[in-house]
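Below you'll find the structure, written out as structure tokens, and then a few comments.
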Amino acid sequence: MGDVASPVRQIAYFCEDVRAAAMDHHRLFGSGPFFVLDRITLAHATYRGADSDLVHSSAYGQWGPVMVEFVQQDSAGASPFREMFAKGETGLHHIALFEDDLEGAVARFAGRGQAEAFRGTMEDGFQFVFIDTVASLGHMVELYRPVSALVGFYDMVADAAAGWDGSEPVRVLEG
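Residues in the sequence shown are numbered consecutively from 473, following this note's numbering.
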């Protein structure tokens with residue numbers, strides 16, 4: 473950090489309904505198509521150092537050169553989303569960056585006084601981390617390694633947008 477800027481790979485908004493938010497964004501900006509994953513569960517998660525049972529749904533689409541995500545919280549309780557937004561509130565939650573050295577990036581943020589707020593591990597072992605940059609940026613920063621499955625997903629979303637005719641702007645993914 474400070475030496476070479478990591479490009480923003482994703483802009484993510486918290487909302488109450490990912491399908492409705494994706495449609496609104498599509499109507500406003502022509503973004504999409506959006507791919508919805510419902511009720512995403514994690515193998516393990518910690519929020520502010522305590523175990524978390526966060527379940528969320530997300531819609532992922534392409535907005536020019538960057539992915540846009542809409543995320544809703546499906547489980548009750550404290551989370552990095554509810555920390556910023558009360559029930560019924562929406563807004564920019566995080567930007568996402570690829571980091572080859574995830575732990576090194578977390579340590580660099582910590583050295584600047586920006587703590588790890590959340591760490592999630594998917595069933596396949598893939599990890600993502602939210603860094604609390606709200607005081608300085610107004611939103612969090614999500615970090616993850618650019619592993620092949622993740623890069624492949626980003627490529628799939630971008631490829632679907634290339635030459636897209638605007639039909640079926642919201643699509644549901646299984647698994």
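Ideal placement from N, C-alpha and C gives every residue a C-beta, glycine not left out. Computed from a predicted structure; not experimentally measured.
Q) Considering only residues of the same chain and omitting the five flanking positions on each side of S639, which have a CB-CB separation below 6 Å? A) Here the set comprises nothing.
Q: Please report how far the alpha carbon of L500 lies from the alpha carbon of Q482, in whole angstroms.
A: Approximately 18 Å, taken between the alpha carbons.
Q.
One question on the structure: do T562 and C487 come within less than 9 Å of each other, judged by their Cβ atoms?
A. Yes; because the gap between Cβ atoms is below 9 Å, this pair is in contact.
Q.
DSSP three-state label for E575, please.
A. Three-state result, E575: helix.
Q) Assuming R704 and D546 make a contact with CB atoms under 8 Å, what is their CB distance in whole Å? A) Given a span of 473 to 647 for the chain in the structure shown, any question on residue 704 remains unanswerable.
Q: Following the continuous alpha helix (DSSP H) through M628, name the residue where it begins and the one where it ends.
A: S620 to A633 is the span of the alpha helix (DSSP H), which, as asked, contains M628.
Q: Measure the alpha-carbon distance for A630 versus A484 and round it to whole angstroms.
A: It is roughly 16 Å from the alpha-carbon of A630 to the alpha-carbon of A484.
**Q.** Where the alpha helix (DSSP H) through D496 begins and ends
**A.** Counted as a single uninterrupted DSSP element, the alpha helix (DSSP H) harbouring D496 occupies residues V490 to F501.
Q) What three-state label does DSSP hand C645 in the structure shown? A) With the sequence shown as reference, residue 645 is identified as Leu, and Cys is not the correct amino acid for it. Residue state, collapsed to three classes: coil.
Q.
Between which two residues does the alpha helix (DSSP H) holding A607 run?
A. If you look at A607, you'll find it in the alpha helix (DSSP H) that goes V606 to L609.
**Q.** Alpha-carbon spacing of V619 relative to G549, whole angstroms
**A.** Just so you know, the alpha carbons of V619 and G549 end up roughly 30 Å apart.
Q: Enumerate in chain order the residues of its own chain whose CB-to-CB distance from A517 is below 6 Å, with the five nearest sequence positions on each side excluded.
A: The residues S524, L526 and G592, in chain order, have a CB closer than 6 Å to that of A517 in the same chain once the five nearest residues on each side in sequence are set aside.
Q: Let me know the beta strand (DSSP E) ranges lying completely inside the region 524 to 573, each 3 residues or longer, listed in chain order.
A: Entirely contained in the region 524 to 573, the beta strand (DSSP E) runs reaching 3 residues are, in chain order, 528 to 535, 538 to 545 and 563 to 570.
Q: From the DSSP output, in three-state form, read off F598 for me.
A: Reduced to three states, the DSSP call for F598 is coil.
Q | Proximity to F506 [Cα-Cα], best of F542, V480, H528 and S478 | A | Relative to the Cα of F506, the nearest Cα in the group F542, V480, H528 and S478 belongs to F542.
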